[in-house]
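A quick write-up on the structure given underneath.
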Amino acid sequence: MSVLPFSQELRERTRTSHSESEGADFMGDLMSGKGTVSDYVALVVQHYFIYEALEAATERMKNDPVALPFISDKLTRLPAIEEDLRFLIGDEWRDQISPLGTTVAYVDRIREVAAVWAGGFVAHHYTRYLGDLSGGQVIRTLMQRQFGFETNGVGFYLFGDIAEPRRFKDTYREQLDAVPWDEDERSRVIDEVRVAYQFNTDLFLDLSRAKAASVA
Ligand code: HEM
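Numbering (the UniProt record's numbering), first residue to last: 1 to 216.
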């Protein structure tokens, strides 16, 4: 039996996965100023498909007592992503975007797992939204600085209804600690968070490959 609160156990047992996602070349280049605005747009495009699936799963999970405490309209990102894409690509944005291979697989996983298994849903929900409220805020600041965005284009990272991200994350972690999952279920949830991180890491590899192919 683990003595750690679940939120800490989860964070510690997925630390390596987080480092791999964070350390991907595509992300590193974007953060260090070597990326282009097209790279950034390519990432926003993939977010569109991911959040479409995640937020559809959220709708379906609203009746589940385990999932419910994690669900908040304050987190909803899809309308902000749509606004960002309209700003970045133009009114015809929807006809001009398509998911990369990893995104298709990631979305399938969210549809299959997160829509029917509350623990799996929480795993995918946690990996994206707690990341967006953490490193996402660093990414936003750097993108604003590099590409001159104010709010248009980075709306995805602006949680207008969350005044204090740190407090929101603390509450989220308390909710993770409060779910009465046994040791087996905790391990399954942690494994699913690792799966989610792996999709994000693979997506960065896909984005690098797509970029290399487009300049070749
Ligand atoms: C340049 C890329 C990234 C940077 C700089 C970054 C940075 C950070 C930082 C500083 C924290 C700790 C914040 C805190 O304790 O309040 C954090 C937490 C987190 N990040 Fe990232 N991150 C990056 C990419 C990612 C990616 C790609 C994902 C997954 C989609 C992700 C998911 C998470 C999650 C889930 C947490 C919360 C961990 C926890 O406290 O339980 N991050 N990130």
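Idealized CB from N, CA, C, for every residue including glycine. Because the structure is a prediction, the values reported are computed rather than measured.
According to the neighbour-count rule (16 or more other Cβ atoms, all chains shown, within 10 Å of its Cβ), is S32 buried or exposed?
Residue numbering aside, residue 32 sits at position 32 when the sequence shown is read from its first letter. Classification for S32: exposed.
Please tell me whether, using a cut-off of 6 Å, the distance from the CB of S21 to the nearest non-hydrogen atom of the ligand HEM is below it.
Taking the sequence shown and counting its residues from 1, one reaches residue 21 at position 21. Checking every heavy atom of the ligand HEM against the Cβ of S21, one is found closer than 6 Å.
Among D84, T76, E83 and A163, which one has its Cα closest to the Cα of A56?
For the purposes of this step, residue 56 is taken as residue 56 along the sequence shown, with counting starting at 1. That would be T76, whose Cα lies nearest to the Cα of A56.
For I81, which residues of its own chain have a beta-carbon under 8 Å away from its beta-carbon, when the five flanking residues on both sides are left out?
In the sequence shown, residue 81 corresponds to position 81, counting from 1. Counting only Cβ-Cβ distances below 8 Å, and skipping sequence neighbours, we find V44, H47, Y48, Y51, G155 and F156.
If you compare alpha carbons, which of L68, R60, G160 and E192 is closest to R13?
By 1-based counting over the sequence shown, the position of residue 13 is 13. That would be E192, whose Cα lies nearest to the Cα of R13.
When you compare the CB positions of D177 and S7, do they come within less than 7 Å of one another, or not?
By 1-based counting over the sequence shown, the position of residue 177 is 177. By 1-based counting over the sequence shown, the position of residue 7 is 7. Contact: yes.
Helix or strand or just coil, what does DSSP make of R145?
As a position in the sequence shown, residue 145 is number 145, starting the count at 1. The answer is helix: DSSP assigns R145 an H, G or I state.
CA-CA distance, Y126 and E20?
Position 126 of the sequence shown holds residue 126. Position 20 of the sequence shown holds residue 20. Their Cα atoms are separated by approximately 17 Å.
Alpha carbon to alpha carbon, what distance is there between V122 and V189?
Start at 1 with the first residue of the sequence shown, and residue 189 comes out as number 189. Start at 1 with the first residue of the sequence shown, and residue 122 comes out as number 122. In a straight line, the C-alpha of V189 is about 8 Å away from that of V122.
Within a Cβ cutoff of 6 Å, which residues of the same chain sit near G35, ignoring the five residues on either side of it in sequence?
For the purposes of this step, residue 35 is taken as the residue at position 35 of the sequence shown. Answer for G35: D29, listed in chain order.
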